[in-house]
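Here this note's numbering is used: the first residue of the first sequence is 1012, the next is one more, and so on.
Note that beta-carbon positions come from the ideal geometry of N, C-alpha and C, so glycine has one too.
Heads up: the structure comes next, in structure tokens.
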Amino acid sequence: MTFSGGRLNREQEAAVKHAGGHALVLAGAGTGKTKTIIHRIAHLIENGVDPRRILLLTFTRRAAREMTDRLRKMVGKSADNIISGTFHHYCLMTMRRMQKDFNIAGATVIDRDDQEQLMRLARARYVEKKEVFPKAGPLTDLYSYARNTNQSRQGYLKKFTEYDEKTIGRIIKVFEDYDRRKKACNYLDFDDILFRFARVLHSSPAIRAKLRRRYDHILVDEMQDTNPLQWLILDGLRDPAKLFCVGDDAQSIYAFRGADFRNVHSFTERCPNSTVLKLQENYRSTQEILDLANWLLAESPLKYNKKLRASRGKGIRPRLIEFEDDLSEAEWIANDLLERHENGAAWKEHMVISRTGFGARAVEAELIARRIPYVFIGGVSFLQSAHVKDLLCLVRCAMSHHDLIAWMRYLTLWPKVGDVTADRMIAGMQPGKSIRDALELLRKHPDLKNESLERIVQGPEIILENMDNPAEAITRASAFLEPLLSSMYERWDKRRQDFNLLARLAERHRSLQGFLETYTLDPVNITQVEKREDEDVVALITAHSAKGTESPVCYLIRVEPGMYPHVRSLGDSDSEEEERRVLYVAMTRAKNELIVTRSLSRSDYTTFYGITDSGSTGTPYFLEGLEKNLVRMELPETGTIDDDDSDIIIPHR
DNA sequence: AAGCTCTGCTTTTTT
DNA sequence: AGCAGAGCTT
1012 MTFSGGRLNR EQEAAVKHAG GHALVLAGAG TGKTKTIIHR IAHLIENGVD PRRILLLTFT
1072 RRAAREMTDR LRKMVGKSAD NIISGTFHHY CLMTMRRMQK DFNIAGATVI DRDDQEQLMR
1132 LARARYVEKK EVFPKAGPLT DLYSYARNTN QSRQGYLKKF TEYDEKTIGR IIKVFEDYDR
1192 RKKACNYLDF DDILFRFARV LHSSPAIRAK LRRRYDHILV DEMQDTNPLQ WLILDGLRDP
1252 AKLFCVGDDA QSIYAFRGAD FRNVHSFTER CPNSTVLKLQ ENYRSTQEIL DLANWLLAES
1312 PLKYNKKLRA SRGKGIRPRL IEFEDDLSEA EWIANDLLER HENGAAWKEH MVISRTGFGA
1372 RAVEAELIAR RIPYVFIGGV SFLQSAHVKD LLCLVRCAMS HHDLIAWMRY LTLWPKVGDV
1432 TADRMIAGMQ PGKSIRDALE LLRKHPDLKN ESLERIVQGP EIILENMDNP AEAITRASAF
1492 LEPLLSSMYE RWDKRRQDFN LLARLAERHR SLQGFLETYT LDPVNITQVE KREDEDVVAL
1552 ITAHSAKGTE SPVCYLIRVE PGMYPHVRSL GDSDSEEEER RVLYVAMTRA KNELIVTRSL
1612 SRSDYTTFYG ITDSGSTGTP YFLEGLEKNL VRMELPETGT IDDDDSDIII PHR
């Protein structure tokens, strides 16, 4: 990202060579944060620190991989010896290697979808069908948030929700039921991964001592997005290991997930003898781009005390372009991309940033129609599509007979098996000690007498035969499921190709468990699998996923009332303020050119749900009162837009 | 007990 | 407009 070649400036060098206690590095957008982390690790290794005693915690696996790739170029293969990954990844890996200490043998990691599924079951027990009561989705959010911020359910619900006492009592009942179900199935949800690790770390001095002895240096990226649970983990692992935490409070955009920027603000109180270092010089963007970003922050009632200065100096003023609707917006962007490409620019020099995955749809359709190569980053991954889940659930069945959700899904794929029959079969397996016992019990189950169901047991057996060969297991399982699935789904021919893709992903793994867990924690997007990373493609990306990236030309699309701040955040000033930071993050991705687009007149997004009229009356909007000289206002060249007969339809293909 | 059909609700961001 | 859940039919 930020060029890692080139010399370090004085601030960066001070951070890289910092010796002594813990350090917090406040690094504004584009100030060479990644570069500084990499150089620091290289510096440590060159000064004799054993790479295996360096722990690097990042926010996404993508970031971890990118950093180790760049580090490898500097220090060679020893880069691969540092321990790097997300908090979740690191904690899970460590707990797996110390199974006995953490008591997680045989546990299945479940993703957000499964978690919601389980919550739905728990909810059904306490809530009448038509009753007005929070749905499983929101309940899961509440449950997760309370855990990530390490507070009691009761306290959290009372303080931060509007529910009355009675409702809160019932919500907690549902949560407790969820807990029981989770335990019965031996599941670990995302939060458990952090929670269990943190709990053992703080309740078992012996294990804590053992872990603390392992590291000399712990580096943390995106510190502003860590949550209280993650802080407890860092706190438990530090000393003698030195923390080196890098962050920027103006880029904190994950509060909805429990992130707490006190982890940045209270750092020095929590870590006595620590040093705060600053990186202030922006190397990424031109001053015009930063002026706009600075203006946005200055408009905030909060005091960020941030003013980015461009070491590169002057450049092109950001453009603000207005459209009739999102279709002409998308069309214009595609045209502009094509034009730039014809003039010799590479596709990969362009990034299209959207507030929501959904909001990028029109542009995506247009890119496909115009055959512009792109990757979509963020949004729904292909691992979440129904048929892929079917296959993965079959794999999971072979790993544990307690995996209720997987078994339920697998069994009900079969004709004449609904939830009732499936329940009965699953109950029949529970006395089994091992998965093989359980399969034996299932084979004898009365419901399998039916001739068409004999083959049910074969599915998991195929997987069991190929435990050490994930790719083969996937291939065989696909063939096994095909007759069932092909009749269930439309456009089966298209879907089945995803199975080949899945097998290719599996080739990279030696154990099925590792394969499953890797992609549960960090699902891969289909376009990311298909394309090589260094391929020449336009990046279509959500603002959240864009954090930590940069691009010479950035299109910021749909910067409209209802989007920034997003309608869902309205009414809560903290959330609204977070939206400002989302926009700030998006703006500061641009190196040379920032092109802001919007369609104010007929924003179907705002009219769509609830917002009374399409005029922006009353809806707060961050670009309201934008100083004219900060951007170049434009209308797209007319032409096709006004032709009545052009009646543009986006060609789907 | 399964499976189909209709209705109503939703669409933020992600480990 | 597309999906999940409720209710109805087989």
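Would you call residue i buried or exposed, if buried means 16 or more other Cβ atoms sit within 10 Å of its Cβ?
| i | result |
| --- | --- |
| residue 1272 | buried |
| residue 1610 | buried |
| residue 1050 | buried |
| residue 1481 | buried |
| residue 1470 | buried |
| residue 1357 | exposed |
| residue 1401 | buried |
| residue 1620 | Low confidence applies here, because residue 1620 scores a pLDDT of 41, under 50, leaving its location unreliable and the question unanswered by this model. |
| residue 1407 | buried |
| residue 1572 | buried |
| residue 1644 | exposed |
| residue 1369 | exposed |
| residue 1211 | buried |
| residue 1017 | exposed |
| residue 1414 | buried |
| residue 1294 | buried |
| residue 1284 | exposed |
| residue 1042 | buried |
| residue 1558 | buried |
| residue 1176 | exposed |
| residue 1329 | buried |
| residue 1258 | buried |
Can you tell me which residues form a DSSP beta bridge with residue i?
| i | result |
| --- | --- |
| residue 1385 | 1549 |
| residue 1253 | 1228 |
| residue 1156 | Paired residue(s): none; residue 1156 is not in a bridge. |
| residue 1609 | 1333 |
| residue 1645 | 1332 |
| residue 1320 | 1292 |
| residue 1573 | 1577 |
| residue 1065 | 1228 |
| residue 1604 | 1564 |
| residue 1429 | Paired residues: none, contrary to the question. |
| residue 1525 | DSSP lists no partner for residue 1525. |
| residue 1258 | 1037 |
Starting from residue i, trace the beta strand (DSSP E) both ways and give me its first and last residue.
| i | result |
| --- | --- |
| residue 1071 | Element bounds for residue 1071: n/a, residue is neither H nor E. |
| residue 1282 | Unbroken run through residue 1282: none, as it is neither H nor E. |
| residue 1038 | 1034-1038 |
| residue 1567 | 1562-1567 |
Taking 8 Å as the cut-off, decide whether the C-beta atoms of residue i and residue j are in contact.
| i | j | result |
| --- | --- | --- |
| residue 1594 | residue 1575 | yes |
| residue 1554 | residue 1597 | yes |
| residue 1446 | residue 1409 | yes |
| residue 1100 | residue 1131 | no |
| residue 1474 | residue 1405 | yes |
| residue 1232 | residue 1459 | no |
| residue 1238 | residue 1281 | no |
| residue 1240 | residue 1161 | yes |
| residue 1045 | residue 1036 | no |
| residue 1552 | residue 1379 | no |
| residue 1548 | residue 1385 | yes |
| residue 1422 | residue 1431 | no |
| residue 1600 | residue 1561 | yes |
Could you please give the first and the last residue of the uninterrupted alpha helix (DSSP H) stretch that includes residue i?
| i | result |
| --- | --- |
| residue 1196 | Element bounds for residue 1196: n/a, residue is neither H nor E. |
| residue 1204 | 1201-1214 |
| residue 1361 | Residue 1361 -> not in any alpha helix (DSSP H); beta strand (DSSP E) instead, spanning 1361-1365. |
| residue 1412 | Premise fails: residue 1412 is in no alpha helix (DSSP H) and is neither H nor E. |
| residue 1305 | 1298-1309 |
| residue 1172 | Here residue 1172 belongs to no alpha helix (DSSP H), and DSSP marks it neither H nor E. |
| residue 1042 | First-last for residue 1042: undefined, no H or E at that position. |
| residue 1515 | 1503-1517 |
| residue 1598 | 1584-1598 |
| residue 1276 | 1273-1276 |
| residue 1491 | 1481-1497 |
| residue 1131 | 1123-1137 |
| residue 1022 | 1021-1027 |
| residue 1555 | 1554-1557 |
Any heavy atom of the ligand SAM within a distance shorter than 7 Å of the CB on residue i?
| i | result |
| --- | --- |
| residue 1043 | The ligand content of the structure shown is nil, which means the ligand SAM is not present either. |
field: Length-filtered (3 minimum) beta strand (DSSP E) runs lying within the region 1091-1121
entry: 1094-1097
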